[in-house]
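Read top to bottom, the protein sequences are chains A, B and C.
Per the numbering used here, the very first residue in the first sequence carries number 31; after that it's consecutive.
Per the numbering used here, the very first residue in the second sequence carries number 294; after that it's consecutive.
Per the numbering used here, the very first residue in the third sequence carries number 98; after that it's consecutive.
The beta carbon of each residue, even a glycine, is placed where N, CA and C say it ideally should be.
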Amino acid sequence: MNTDLRKDYLGIVFEKHRKLTAKERVGKALHIPLTQYLVFSAVLISFYILMQGGAVTSSFVFAIGNTMIYAIMAIGFCLLMGYSGLASLGTAGFVGIGAYIAFYLVQEYGYTFGVAFIVTVAVAIVTGIMVGFISLRIEGIYLAILTLGLSEILRNTFISLKSSIKIDMSKIQILGAKIGENEVYLLILLVFVVLLWITSNLIHSPVGRALLSVKNSSSAAQAMGINLMKYRVLAFVISTIYAAIAGLLYMMYLRNMTTSTSTLLAMTTSLNILGAVVIGGAKSLWGTSFGVFIIYGLQSTLLSKIAFFVENPAFITMLTGLMIILIVMFFPGGIAQIASNLARKYRESKLRKNVERRIEAYGRI
Amino acid sequence: MFAAFLSTVCGSLLGICVTCLSAFAVTLIFRTSTTANFAQASIAAFGCYVVADCLNNRGIPVYIGVFIGMAIGVAIGLFIDLLVFRKGRYINELGKQIITMGFVSLFFGGTPLVFGNPEFIPFESFYNTTKAGTDSNIVINAFGGEIVFTKHALICTAITVVVLGTIFILLKVSKWGLGVRTTASSEFTAELMGIDTHVITAISWALACALGVLAAVMYAGGGAMISASFMAIIQVNAFLACILGGFSTFYGSVVGAILIPVITNCVGFLANFPAFHNISRWQLVIVYLLLMIVILIKPQGLFGKKVVKKV
Amino acid sequence: MAESDRRYMRLERCKSRLAMEKEYKDILLKDIDEQVEKEAVAFEAQEREKLYRQHPEWMPKELVYETVYQAKLRQFDFDMEFEMQEALSQAARIVSKNPEQKEIQDSRLKELAEKQARLREKFTAHLEAALKEQLKEQVDIPPDEEKALLGRVEDFRLSRCRETQAKKEKISADEDAKIKKLEASLKKAEGAVSKTGLSMPEDTVLSVQNLCMYFGGVHAVENLSFDVKKGEIFGLIGPNGAGKTTVFNCITQFYKPTSGTLLFENKAGEIISLTDESVHNVICQGIVRTFQNVEVIREVSVLENLLIAGHSRFTLGLAAQALHLPQLKKQERIIKEKAMKVLEFMGLSDYKDWTAAGLPYGILKKIEIARTLMCDPQLIILDEPAAGLNDTETASLTELILRIRDTLGCTILLVEHDMGLVMNVCQTICAISFGELLAIGSPEEIQNNPDVQKAYLGESEEEAN
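The following block contains the structure:
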């Protein structure tokens, strides 16, 4: 080992006090959720720009937009299930609330998106408060099935009101300006990223910790000053708001739903969202988004290139089911756990290589 | 008028049988392995397709076909419990439920693939295949009107009573029944007492899936068209029946499963009055609302027991 | 909530904000001082680096020796340890599959250890030789160069101090203004709060009067009365099923008593009736408790458990938290500092970031107690704190309880079955049986009370005969 030990000394002494390199600074910044979400939105906006230029098909962008709508539902559900531990299968019904408000306000009465948004949130808050109070009385599987029943009530009510709803493209306006389908994509992206950021903030704040404490031990939470009723209701209100917003955006984007045959308001959606959250990792927002992509986005984006899957769409459903089963069987922490395991293994292998290299050098002295 | 009312109630007989079998299946699985089996409808539909295939394409007599279907159900149930649940790592209750949801997708996609994607197949009722050419209804004249039973419904009722009755008697007197009741009470303690809970849960899954297939066959025979998801409404009703009756007992869900179709048909009967003539649109909504109210009054179900955790 | 309660809650929030503001001022000033110090150290390191690059022969011999030698040796030891761990786990895997290989694997491991020891000797010798060789031409740094460098560092530090002095004064002024404003609004709020009509003797902090708790036909607590004096350690003893935890649950409003009065002197010095409070408000009045079955939040880390315990000190609403406003960051910082202090007090600093789920039982019990300290309580209720602890741990628990009482000046009410702990630590003991009061008095009086002996402590053979 023929190094200049004086240089080594300078290196060691100065190590502690030198400024961070640009690469390290970027790495540190990427740990902040806000930076991650900004980078993410930049990537998704680039899809939009590429589409204008013809590099990606509009159906690809459409599929991404569609996935984001489901991801909004899933993030609200992640807060409800992963952080508050409340079982709810009522997501689909609340989506219907947003969709039908969109239809009545935008199509029938010609209001702008902003008005529809505010009304949706207001109705969702009221519904969420109701369900939250119900959840104080009923627990566990009873609550799950009750919310399923509630979702079915809403769905049947909507079918009875109007079994098929449509919105004309011309009626969609934001702040007075008429917009096209591609601009709705940007709107969905904006809403999604903002909701992601808000949810991440809530998780890393006293509210998020209070929800976790209620989930783990309601007695301890109460003894520490956390109002059980307030936080249970809050969890339901938030997840209902997110689901309703997703319904509103769905109608803005797809502009057409035949409620009697569509699975959007049926138990299928509630179960799929639950599955997405679990396979993504119940406490990870990125994992949940990825889970939603697997269940809803994969078949329209990546797999649509492969002819076999286009001809046999049922195969994709089977594959999705199989994937859910395998991930839950072998990776109970979901994709988030898989990702962190891989990262850890990568770090360990790098460490091992370095150690082996050094031991070889020692031997050569 | 009263006769018409009774007729409506008796018309729900088939629904009662089907929902009873499904609800009992769900309760059995839930009480022994703490899992809500969301795949109940999908497995039942798959089994029904098997039976339809036997009947229509291979000319197998109906009761043998039904047994074959139930055997397939048993195989699926054993597969899920023995291979999927046991082989996985650290599977907790929530994980099991998600796995059942995975099976929903699996069967939803797989059923059309295996059976060549025919969406709606007609299915012959139990009656028609036993005696051709005679009237399929039995009519009783009473209370100033006609009360109509379909023979198919009567046969199904008989089958259901025998099957469920046998199971309940076995639950009460046999060693297997004692094992089931102990495992339902606490799986961990049951294992410590020497009961092989793995066998108990495997048998429970097998039995539940077989009952599901039986229910699907009955439902299809009553005139429903088969598709991969035709049992979905029955599954929702079965789940609601379980929480109406409470998961604390085995008979609670059966009672709930009797009540729900009867109440649904009674609400539908109100359509005969001019004031409520539009009610058939809102039938399900009203029934579900009534259920919600009952459950809010009794959160653990009609026969449930409240467990208070000591602080 | 009654109007007086709302005003009281506003008063409490004002007080809490005032205390937080004061703490925040200290934290900010401390931060600036630390920052200046860090910058000074960094500056010195930079200066030295510049100097030694120009004149490498001036590097301090011993320091180079220590730094380089130690660092390389530490790296070597780490690498050897890593190799040994890998070999151990590999050997274990082989042996678990083929048990007959055990001896071969053991001898292989021994060989590896010996090889490593030999290598270490060679390496240290090599390092020493290389160091000696390269440091031959080292001379001591000329004293005036050294003085000049230190002078430069000192100048830097002084100039930074001067620069930050202005900042510090501004912060002090701002904070003082805020504190004055808060104190004014506090005075206003204090004036508005009506005094309750209840009264209690001056030195009593909790007065339980005719407490009855019935569960249907079961009379869990029957007409129980006792007073707890300020600053004392009060013990509640009795056989299992006597209703001790029920009494605690009634005091902390987990159960609403069937009848009886519970008077408590809260943090504001007011006498309130506890039965008017809801269970999550009890901590704001100044009562905290631990649980018989340790109810630690297992999903989060130890530090986060304490942050949750400080939940009642946060005053911000949902919107501020959803947008992560600066006030939230400020309050989180303050509570986190308090949590670190509590961790240090309890000796749990090493476990700060460990998830609570895997920790041993003794640590979990300590976390339970640490949680009670987060809000500066008036009354701490400990429900069987020594359950599951051995003699050594019980002794340290005794010392901990006394230390808490002496440092915080609070009152402690505890239920315990370990009579040694109870007799050592409590000033007053109340013995109950089947929900009724048996005796109340000093430890000696209780020990000699025949009813208590019969019901619980056990009689000696002669007395029984």
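Is the beta carbon of residue j closer than 8 Å to that of residue i?
i: R468 of chain C; j: I432 of chain C; result: no
i: K119 of chain C; j: I276 of chain C; result: yes
i: L534 of chain C; j: S375 of chain C; result: no
i: E154 of chain C; j: Q235 of chain C; result: yes
i: F133 of chain A; j: T289 of chain A; result: no
i: E362 of chain C; j: V250 of chain C; result: no
i: V391 of chain C; j: L497 of chain C; result: no
i: E329 of chain C; j: Q524 of chain C; result: yes
i: A101 of chain A; j: S319 of chain A; result: yes
i: V263 of chain A; j: G162 of chain A; result: yes
i: F323 of chain B; j: F540 of chain B; result: yes
i: G374 of chain B; j: W469 of chain B; result: Checking the sequence, you will find Asp at residue 374 of chain B rather than Gly. Result no, Cβ atoms of D374 of chain B and W469 of chain B do not sit closer than 8 Å.
i: L282 of chain A; j: V224 of chain A; result: Residue identity differs from the one stated: residue 282 of chain A is Met in this sequence, not Leu. Result no, Cβ atoms of M282 of chain A and V224 of chain A do not sit closer than 8 Å.
i: C527 of chain C; j: P474 of chain C; result: no
Please report the residue range of the alpha helix (DSSP H) in which residue i lies.
i: G308 of chain B; result: L306 to S326
i: E441 of chain C; result: P423 to M443
i: L308 of chain C; result: Run containing L308 of chain C: none in the alpha helix (DSSP H); it sits in the beta strand (DSSP E), T301 to F312.
i: M363 of chain B; result: V355 to L371
i: F107 of chain A; result: S88 to C108
i: F400 of chain B; result: E386 to V407
i: T482 of chain B; result: E480 to L485
Going by Cα to Cα distance, which pick from the options is closest to residue i?
i: L68 of chain A; options: A:I164, A:N286 and A:F222; result: A:F222
i: A338 of chain B; options: B:W575, B:F408 and B:L376; result: B:F408
i: G95 of chain A; options: A:I355, A:Q82, A:T331 and A:I395; result: A:T331
i: S546 of chain B; options: B:A483, B:C313, B:I384 and B:F378; result: B:C313
i: A137 of chain C; options: A:H47, A:G57 and A:I79; result: A:H47
i: G455 of chain C; options: C:Q306, C:L404, C:V397 and C:L425; result: C:V397
i: A446 of chain B; options: B:S573, B:A525, B:V311 and B:A534; result: B:V311
i: H316 of chain C; options: C:L479, C:N521, C:I526 and C:P354; result: C:P354
i: V550 of chain B; options: B:I369, B:G561, B:G388 and B:Q528; result: The displayed chain sequence assigns Ala, not Val, to residue 550 of chain B. Cα-wise, what sits closest to A550 of chain B is B:Q528.
i: S76 of chain A; options: A:N246, A:P343, A:N212 and A:L284; result: A:N212
i: L220 of chain A; options: A:G321, A:L135, A:Y376 and A:L279; result: A:L279
i: V522 of chain C; options: C:D450, C:A492, C:A528 and C:E542; result: C:A492
i: V358 of chain A; options: B:V377, B:F562, B:G472 and B:F461; result: B:V377
i: P540 of chain C; options: C:I529, C:D548, C:M516 and C:S530; result: C:M516
List the endpoints of the continuous beta strand (DSSP E) containing residue i.
i: G357 of chain C; result: S356 to E362
i: A51 of chain C; result: As shown, chain C starts at 98 and ends at 562. That puts residue 51 of chain C outside it, with no answer to give.
i: V385 of chain C; result: I384 to R386
i: G332 of chain C; result: I330 to I334
i: K326 of chain C; result: V315 to K326
i: S370 of chain C; result: I368 to S370
i: I527 of chain B; result: Segment A525 to G538 is the alpha helix (DSSP H) holding I527 of chain B; no beta strand (DSSP E) there.
Is the number of C-beta pairs between the segment 506-522 of chain B and the segment 306-315 of chain B that are closer than 8 Å three or more?
yes
At 4 residues or longer, what runs of the alpha helix (DSSP H) sit wholly inside the segment 132-179 of chain A?
143-167
For the structure I just gave you, are there three or more beta carbon pairs, one from the segment 393-402 of chain B and one from the segment 325-337 of chain B, closer than 8 Å?
Yes: the two stretches touch, three or more of their Cβ pairs being nearer than 8 Å.
Is it the case that the segment 360-380 of chain A contacts the segment 182-191 of chain C, given that we only count it when at least three CB pairs across the two stretches are under 8 Å?
no
Any contact between the segment 183-201 of chain A and the segment 310-317 of chain A? By contact I mean 3 or more CB pairs, one from each, below 8 Å.
no
Do the segment 264-275 of chain A and the segment 113-131 of chain A touch if we need at least three Cβ pairs shorter than 8 Å?
yes
Are the segment 467-486 of chain C and the segment 378-386 of chain C in contact at 8 Å, needing three or more beta carbon pairs?
Touching, yes, given that three or more Cβ pairs across the two stretches are closer than 8 Å.
Specify whether the segment 497-511 of chain B and the segment 556-571 of chain B touch according to this definition: at least 3 beta carbon pairs, one from each stretch, less than 8 Å apart.
Result no; under three Cβ-Cβ pairs closer than 8 Å.
For a minimum of 4 consecutive residues, which ranges assigned as the alpha helix (DSSP H) are wholly contained in the segment 470-538 of chain C?
488-505 and 516-522
Within the chosen definition, does the segment 379-387 of chain B reach the segment 347-354 of chain A through at least 3 CB pairs nearer than 8 Å?
no
Given 8 Å, three or more beta-carbon pairs between the segment 414-423 of chain C and the segment 216-232 of chain A:
yes
3 or more residues per run - each beta strand (DSSP E) lying fully within the segment 292-375 of chain A
Runs found: none.
Are at least three pairs of beta-carbons, each pair with one atom in the segment 577-594 of chain B and one in the segment 210-225 of chain C, less than 8 Å apart?
no
Tell me, please, whether the segment 301-308 of chain A touches the segment 106-114 of chain A by the rule of three or more beta-carbon pairs shorter than 8 Å.
They touch, by the three-pair rule.
Would the segment 285-301 of chain A and the segment 180-197 of chain A be scored as touching if the rule is three or more Cβ pairs under 8 Å?
yes
Mind listing, in chain order, the continuous alpha helix (DSSP H) runs of no fewer than 4 residues lying wholly within the segment 114-165 of chain C?
158-161
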